[in-house]
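Only one structure is covered here, and it is reproduced in the block below.
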Amino acid sequence: MSTPFDTPDLLLVGSVRHRRLRPARNAFTYGVYTLRLPLRARAARLARGAHQNSLFFATNRFGLLSFYDSDHGAAGQTALQWIEAMLHENGIHDATGEIFLHTFPRVLGYVFNPVSFWFCERADGSLRAVVCEVNNTFGECHCYLLDPAGGIHNGAPLTARKVFHVSPFCKVQGHYTFHFMFASPKCGKPLRSLARIDYDDGEGPLLLTSIAGTACPLDTRNVLRVFFGYPLMTFGVVARIHWQALKLFFKRVPFLSKPTPPSANVSHERAELPTR
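According to my numbering, the stretch in the sequence shown is residues 1 to 276, in order.
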């Protein structure tokens with residue numbers, strides 16, 4: 001007998017693309033993989049004793065790949081408890097369906113997540129809100145809660161005013177435009193996802209970024225495939241951040257000091273269409 005929340009954990013295997021338009025051009029593409037975790041289904045499996053850890057993928061303990069609740073949100077809460085509390089505190093009470101978290105796993109116990117996406121559904125499966133959890137290399141975190149009045153449609157633009165420091169080569173001004181696109185599994189083809197983030201600093205488009213992935217089961221075979229196919233991926237994320245920063249430095253892109261982080265940990269954004 002199935003439960004209301006019985007969606008399996010998945011891996012999303014794909015790539016990150018990034019392009020800077022000015023004052024010096026810079027672009028890169030890297031292969032990556034992320035987790036797609038249905039948090040309410042996972043909680044239901046845990047409650048009925050059906051959740052299993054293994055050496056290959058584990059929750060809140062060491063594995064080749066692992067997921068730790070403590071890597072997200074507030075101390076003392078599970079990831080699900082934290083996101084539910086955030087939604088309720090911001091007046092969102094109808095996201096009672098599944099909540100999918102797209103995030104990098106720990107690899108051999110280590111992870112740095114530049115951005116994680118939380119897709120919060122209504123009971124009918126429609127998308128109610130998206131949370132973009134952004135981390136910088138200074139150990140700071142900020143969440144952009146996207147809650148447009150017109151609803152969230154596949155591929156529609158969602159905007160958020162930039163309030164959080166990410167890179168010393170970008171000012172804390174302007175806005176992001178997000179596009180989230182999903183191709184549902186059909187005719188034997190797996191789920192595919194694309195998250196696009198375009199940054200306008202107030203002087204025009206500056207950064208174009210996307211992360212795309214094709215779903216596959218989170219099983220031993222696929223864990224081993226990505227573990228050896230993308231060696232030490234999360235260590236490489238940090239190394240590549242610093243390598244790209246060094247390239248921008250030598251291209252003489254102005255280096256900016258880090259501002260004080262915003263006092264609020266969450267920006268609640270209700271606007272849907274970008275404005276200039």
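Quick reminder that beta carbons are idealized off the backbone N, C-alpha and C, glycines included.
Contact annotation, F117 with H102: C-beta distance approximately 4 Å; criterion of less than 8 Å satisfied. In chain order, T96 and G97 place their CB closer than 7 Å to the CB of A123, counting only its own chain and leaving out the 5 sequence neighbours on each side. Separation of L248 and C187 (C-alpha to C-alpha, rounded to the nearest whole angstrom) is 44 Å.
In this structure, DSSP gives A156 a state outside helix and strand, which the three-state scheme calls coil. Annotation for A245: the continuous alpha helix (DSSP H) segment containing it runs M233 to F250. A Cβ-Cβ separation of about 7 Å places P217 in contact with L10 under the 8 Å criterion. Taking C-beta separations shorter than 6 Å and ignoring five residues to either side along the sequence, the partners of L191 in its chain run P185 and A215, following chain order. Per DSSP, the continuous beta strand (DSSP E) segment holding G14 begins and ends at L10 to R20. DSSP links L108 through a beta bridge to no other residue. With respect to the 9 Å criterion, N60 and S66 are classified as neighbours on the basis of their beta carbons. With contacts defined as CB atoms closer than 9 Å, T34 and P114 fail to qualify as a contacting pair. Of the residues G109, L108, S167 and G31, the one whose Cα lies closest to the Cα of P254 is S167.
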